[in-house]
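S.K.:
Chains as they are written, first to last, in this note's numbering: chain A, 188 to 298; chain B, 285 to 397.
Structural data, given as structure tokens:
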């Protein structure tokens, strides 16, 4: 049972434009959501998180939006840069630890 | 600040040989520790997690085992490797709390031939 889904395996965006990565979840008990960025042959790097009591969290070029009624979250990157090209994973947890990860979306930012 | 180390970075092992991957965390105490595997082109699969010394929970039945002999040391082992054990192994730590962010190590690429 895939509780966290990233339905787009890949996304290609022009440098300077907005990148929008999407994630859906099925478990309404999830209360904490995270996005990680991963380069090949490296460990994932934490990007940004959001608690279920919020619907938006910003950190520089990265903004995460949470729509609890739709069980959907998204990561916006504005403006996109070539160095943002990586695999992006969303993850969710309930009441601490044991993150459940999506399968990842490959983002390619073209210069 | 906290840092997490994994070694070796790359390992090529024959089928049937033993395995020992080590992970250590610095700059924190009593962390939650995790082992994940990423198969080629796939997502992250949680293998084991530990909330304290000697406390190991297994997420999936498999050929691997884990141990936590010290507070900030987490070891992934196998007595006999299988071809299917090939993959990218990631260790992570997280501070205990209701909304825990996990931080990952650099990973170990294991190729079983």
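Built from N, CA and C at the ideal position, the CB exists for glycine as well. Keep in mind that this is a model prediction, so the values were computed, not measured.
Does residue 336 of chain B get closer than 8 Å to chain A when you measure Cβ to Cβ?
M.R.: By this cut-off, residue 336 of chain B is not an interface position.
S.K.: Under 8 Å, CB to CB, which of the residues in the stretch 218-239 of chain A have a partner in chain B?
M.R.: For the stretch 218-239 of chain A, which is checked against every Cβ of chain B, the residues closer than 8 Å are 218, 219, 221, 223, 228, 229, 230, 231, 232, 233, 236 and 238.
S.K.: Exposed or buried, which one is residue 240 of chain A when buried takes at least 16 other CB atoms within 10 Å?
M.R.: With fewer than 16 other Cβ atoms within 10 Å, it is exposed.
S.K.: Does the distance from the C-beta atom of residue 238 of chain A to that of residue 252 of chain A stay below 8 Å?
M.R.: It is not a contact, given that the beta carbons lie outside the stated cut-off.
S.K.: Could you tell me whether the Cβ of residue 358 of chain B comes closer than 8 Å to any Cβ of chain A?
M.R.: It does not; no Cβ of chain A falls within 8 Å.
S.K.: Using a cut-off of 8 Å between C-beta atoms, extract the partners of residue 302 of chain B located in chain A.
M.R.: The premise fails here: residue 302 of chain B is roughly 24 Å from chain A at the closest Cβ pair, so nothing lies under 8 Å.
S.K.: Helix, strand or coil for residue 218 of chain A, going by three-state DSSP, please let me know.
M.R.: Looking at residue 218 of chain A - three-state DSSP - the assignment turns out to be coil, as it is neither helix nor strand.
S.K.: With a threshold of 7 Å on Cβ separation, who are the neighbours of residue 342 of chain B within its own chain once the five nearest residues in sequence on each side are excluded?
M.R.: Here the set comprises 332.
S.K.: Would you list the one or two residues that DSSP bridges to residue 271 of chain A?
M.R.: The partner list for residue 271 of chain A (beta bridge, DSSP) is empty, contrary to what the question assumes.
S.K.: What do you get for residue 359 of chain B, buried or exposed, if any count of 16 or more other CB atoms within 10 angstroms of its CB means buried?
M.R.: Looking at its Cβ environment, which holds 16 or more other Cβ atoms inside 10 Å, residue 359 of chain B is buried.
S.K.: Report the CB separation of residue 323 of chain B from residue 371 of chain B in whole angstroms; it is logged as a contact under 8 Å.
M.R.: Between residue 371 of chain B and residue 323 of chain B the Cβ distance is about 5 Å, and since that is below 8 Å, they are a contact.
S.K.: Please identify the residue among B/384, B/349, B/355 and B/385 whose C-alpha is closest to the C-alpha of residue 303 of chain B.
M.R.: It is B/349.
S.K.: Does the stretch 291-298 of chain A come close enough to the stretch 256-276 of chain A to have 3 or more Cβ pairs within less than 8 Å?
M.R.: Contact between the stretch 291-298 of chain A and the stretch 256-276 of chain A is present, because at least three Cβ pairs lie under 8 Å.
S.K.: My output table needs one value for residue 262 of chain A: the three-state DSSP class, helix, strand or coil.
M.R.: Looking at residue 262 of chain A - three-state DSSP - the assignment turns out to be strand.
S.K.: How would you write the range of the beta strand (DSSP E) that residue 394 of chain B sits in, first residue to last?
M.R.: Element bounds for residue 394 of chain B: 392-396.
S.K.: What's the call for residue 227 of chain A, buried or exposed, on a 16-neighbour Cβ count within 10 Å?
M.R.: Burial call: exposed.
S.K.: Go ahead and label residue 193 of chain A buried or exposed: buried means 16 or more other beta carbons lie within 10 angstroms of its beta carbon, across all protein chains shown.
M.R.: Buried, because 16 or more other Cβ atoms sit within 10 Å of the Cβ of residue 193 of chain A.
S.K.: Just to check my reading of the structure: residue 276 of chain A and residue 225 of chain A have Cβ atoms closer than 8 Å, yes? What is that Cβ distance to the nearest angstrom?
M.R.: Indeed, because the Cβ distance is near 6 Å, the residues count as touching under 8 Å.
S.K.: Should residue 295 of chain B and residue 392 of chain B be called a contact, given that it needs their Cβ atoms to be closer than 8 Å?
M.R.: Against a cut-off of 8 Å, the Cβ pair of residue 392 of chain B and residue 295 of chain B comes out as a contact.
S.K.: With C-beta atoms as the reference, is residue 259 of chain A less than 8 Å away from residue 250 of chain A?
M.R.: No, Cβ-Cβ distance for residue 259 of chain A and residue 250 of chain A is not below 8 Å.
S.K.: Just to make sure I have the definition right: I need the residues of chain B whose C-beta is within less than 9 Å of the C-beta of residue 276 of chain A. Which are they?
M.R.: Within chain B, the residues near residue 276 of chain A are 327 and 328.
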